[in-house]
Amino acid sequence: MLLPIFHLSAAAIDSYVIWYDQNYVELPVHNELLKDLPLKSRTMFLTIWCLIMQIAYHTIAFLNDIIGSNDPSPKKKPLIRLIKDTLFSLAFPIAIYVSVAFWSIYTVDKDLIFPDVIEKLYPTWMNHVMHTMVTIFMFLELIMTSRNYPSRAVGISITLAFSMSYIAWYLMIYFKTGVWVYPIFDTLNWPSRIVFIVISNIVILGVYVFSEKLNYLLSPSQPKLKKR
Numbered sequence: 001m002l003l004p005i006f007h008l009s010a011a012a013i014d015s016y017v018i019w020y021d022q023n024y025v026e027l028p029v030h031n032e033l034l035k036d037l038p039l040k041s042r043t044m045f046l047t048i049w050c051l052i053m054q055i056a057y058h059t060i061a062f063l064n065d066i067i068g069s070n071d072p073s074p075k076k077k078p079l080i081r082l083i084k085d086t087l088f089s090l091a092f093p094i095a096i097y098v099s100v101a102f103w104s105i106y107t108v109d110k111d112l113i114f115p116d117v118i119e120k121l122y123p124t125w126m127n128h129v130m131h132t133m134v135t136i137f138m139f140l141e142l143i144m145t146s147r148n149y150p151s152r153a154v155g156i157s158i159t160l161a162f163s164m165s166y167i168a169w170y171l172m173i174y175f176k177t178g179v180w181v182y183p184i185f186d187t188l189n190w191p192s193r194i195v196f197i198v199i200s201n202i203v204i205l206g207v208y209v210f211s212e213k214l215n216y217l218l219s220p221s222q223p224k225l226k227k228r
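Mapping to our numbering: the sequence shown position 88 is 88, numbers consecutive.
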């Protein structure tokens, strides 16, 4: 009974943050092209991509609790369990990256990631749900449930596809508007921006491998992972 409550609560908390943002937060967006982006322009932020994925994951995990299986290695894995396990392999590294990148840059110079003009619009609790709780929820999930990761090649391919999709979206926004979504990019030249993007992807993939190994360390009874 604990797992369904946990998953439903996590999905509800993340959903409430998006609802609150859409109804009560008005970002000072002056570029008309940015105003036309979905979700009141919020889709330009990786944080929102991450939050939507968290909602999707916890909702699917809740459905798996009800109609699927949480056995460590079910002989016949339900489709929803397969979807849940695969989505976790993506949701975990993205959540960790969002938290680590945000708080690392925030600690050095918060104006590079969350300037006062933006920060004052968001309650502290909301900031922590978006940039802290996503990671806490994922670690709790890792500890509380069992899953079978996809093969290393499939998992990394899915993770890279997600990451490159956001990067393409991020760059498209810049080339169409001349505005960098994150102020830190204004302080970098193009070689530095490329290095930042490459390092970010290395970190994400590093977290993927870490989570994969930690998952099988916590669940040693699971089948040995296929790397191809």
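Ideal Cβ positions, reconstructed from N, Cα and C, are used throughout, including at glycine.
Between the options, which lies nearest to residue i when the distance is taken from Cα to Cα?
{"i": "I113", "options": "W180, I199 and N201", "result": "W180"}
{"i": "P4", "options": "R42, N70 and W125", "result": "N70"}
{"i": "V29", "options": "L205, K40, A10 and S9", "result": "K40"}
{"i": "F137", "options": "T43, N189 and L51", "result": "L51"}
{"i": "K75", "options": "N148, Y166 and L46", "result": "N148"}
{"i": "V117", "options": "F6, P183 and L2", "result": "P183"}
{"i": "I60", "options": "S9, F210, P150 and L217", "result": "S9"}
{"i": "S89", "options": "F139, L188 and L37", "result": "F139"}
{"i": "Y97", "options": "K110, T135 and P150", "result": "T135"}
{"i": "F185", "options": "D111, N215, L82 and P123", "result": "D111"}
Could you give the C-beta distance for residue i and residue j, rounded to a whole number, given that I count them as a contact under 8 Å?
{"i": "S163", "j": "I105", "result": "So it is not a contact: roughly 18 Å between Cβ atoms."}
{"i": "F92", "j": "L33", "result": "Rounded, the Cβ-Cβ distance is 33 Å, inconsistent with contact."}
{"i": "H131", "j": "W103", "result": "7 Å"}
{"i": "M53", "j": "I173", "result": "Actually they are not in contact, since the Cβ atoms of M53 and I173 sit about 19 Å apart, beyond 8 Å."}
{"i": "K84", "j": "N64", "result": "5 Å"}
In whole angstroms, what is the alpha-carbon distance linking residue i and residue j?
{"i": "S99", "j": "E26", "result": "23 Å"}
{"i": "A168", "j": "T47", "result": "16 Å"}
{"i": "A153", "j": "K120", "result": "42 Å"}
{"i": "N201", "j": "Y208", "result": "10 Å"}
{"i": "F62", "j": "P115", "result": "36 Å"}
{"i": "S192", "j": "L160", "result": "20 Å"}
{"i": "V17", "j": "A95", "result": "16 Å"}
{"i": "I67", "j": "S73", "result": "16 Å"}
{"i": "A56", "j": "D14", "result": "10 Å"}
{"i": "W19", "j": "K35", "result": "18 Å"}
{"i": "L171", "j": "M1", "result": "44 Å"}
{"i": "K176", "j": "Y166", "result": "15 Å"}
{"i": "L150", "j": "I194", "result": "Sequence check: residue 150 is Pro here, not Leu. Answer to the nearest angstrom: the Cα atoms are 29 Å apart."}
{"i": "L188", "j": "S219", "result": "43 Å"}
{"i": "W190", "j": "I199", "result": "14 Å"}
{"i": "D109", "j": "Q22", "result": "27 Å"}
{"i": "N31", "j": "T86", "result": "37 Å"}
Relative to the ligand NAD, is the shortest distance from any of its heavy atoms to the C-beta of residue i smaller than 7 Å?
{"i": "S151", "result": "The ligand NAD is absent from the structure shown, which contains no ligands of any kind."}
Counting only runs of 3+ residues fully inside the region 16-99, write out the beta strand (DSSP E) ranges in chain order.
none
At 4 residues or longer, and completely inside the region 118-183: list those alpha helix (DSSP H) runs for me, N to C.
124-128, 134-144 and 152-177
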